[in-house]
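Asks: The number in our numbering is simply the position in the sequence shown, starting from 1, with 14 added.
Even for Gly, the Cβ is constructed at its ideal location relative to N, Cα and C.
No experiment lies behind these values; they were computed from the predicted model shown.
Please see the structure below; I have some questions.
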Amino acid sequence: MLSPHRAWAELHGPEHRLVFSTFPEGGLQDLFDHILSEAYARLGYEIELQGYPAERALVMANDGLVDGEAGRVNVVEKTCPNLIRVPTPLYINRIAILTTSTKVDPAKGWGQFQSCRTCIRNGYKYLESRVTGEHSHAVSSYEKMLTLLKNGRMDVGLAEFFDILPALNKVGLGKVRMLCEPMVSNPMYHYLHKRHADLVPQIDAVLRDMAAEGRLKAIELHLMQVHYSNLAGSCPLVESGQ
């Protein structure tokens, strides 16, 4: 079901190979790899995703050291003028709320995190723009976030739902609970460096086709079910996503 047609690109040689930076290894990297591999193969390209710390990945894409960024929320456009957004979203990002006992209500907005110890992943621009103040804390991995929550050193963790799933599989939720409703949902877009501006309408047309065919959602659900099925019943957003 998820076999990207990489063989198509191999017929065209190295000039039809593109490299995109993205988040460190995790759920989003896996998702974007499957989506973009299939999308670009339809144009005769082979792609490679290279995972870096979130901030560094953006710098590399904006500076043209790679061909673009796999997928981001459009807040990055404020600081990355050399990246061109491909209009069709790859995925709807959902910010999951993780906590042990602190009462958090998405309807109360971002201001509620000013008064509690809130943990986010370092370099994730959207959350960095929303969670500020002396009680906010950024970590380098989701495993560290979960450990801090379990040990009572943080009150709330905010994480992209799909991206944190591998870490949840590895270390488990334990006494940490994930709220049924996400804090917010935002589209994530693919970005190309401006030197590839001519490719933007081409890959956008392919992504529109994949969305209309149901392929984008099918890839998302398949990865969720195959790789993260042992979270069923303990991770509410898994069920809501399906």
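Tell me the DSSP secondary structure of V33 in three-state form.
Replies: Three-state DSSP puts V33 in a strand.
Asks: Compute the Euclidean distance between the alpha carbons of M197 and F175, then round it to the nearest angstrom.
Replies: Looking at the two C-alpha atoms, the distance is approximately 10 Å.
Asks: Assign H204 to one of two classes, buried (16 or more other C-beta atoms within 10 Å of its C-beta) or exposed (fewer than that).
Replies: By the 10 Å Cβ count, H204 comes out buried.
Asks: Tell me the residue span of the beta strand (DSSP E) that contains H210.
Replies: No beta strand (DSSP E) contains H210, which DSSP labels as neither H nor E.
Asks: Is K92 buried or exposed, if buried means 16 or more other CB atoms sit within 10 Å of its CB?
Replies: So K92 counts as exposed.
Asks: Exposed or buried, what is N107 when buried is set at 16 or more other beta-carbons lying within 10 Å of its beta-carbon?
Replies: So N107 ends up on the buried side.
Asks: Could you tell me which of N136, G58 and K164 sits nearest to Y66, measuring between CA atoms?
Replies: It is N136.
Asks: If we count Cβ pairs, one from each stretch, closer than 8 Å, do we get three or more for the segment 214–221 versus the segment 114–125?
Replies: No: the two stretches stay apart, fewer than three of their Cβ pairs being nearer than 8 Å.
Asks: For the segment 78–85 and the segment 95–112, state whether three or more C-beta atom pairs, one from each stretch, are separated by less than 8 Å.
Replies: Touching, per the Cβ criterion.
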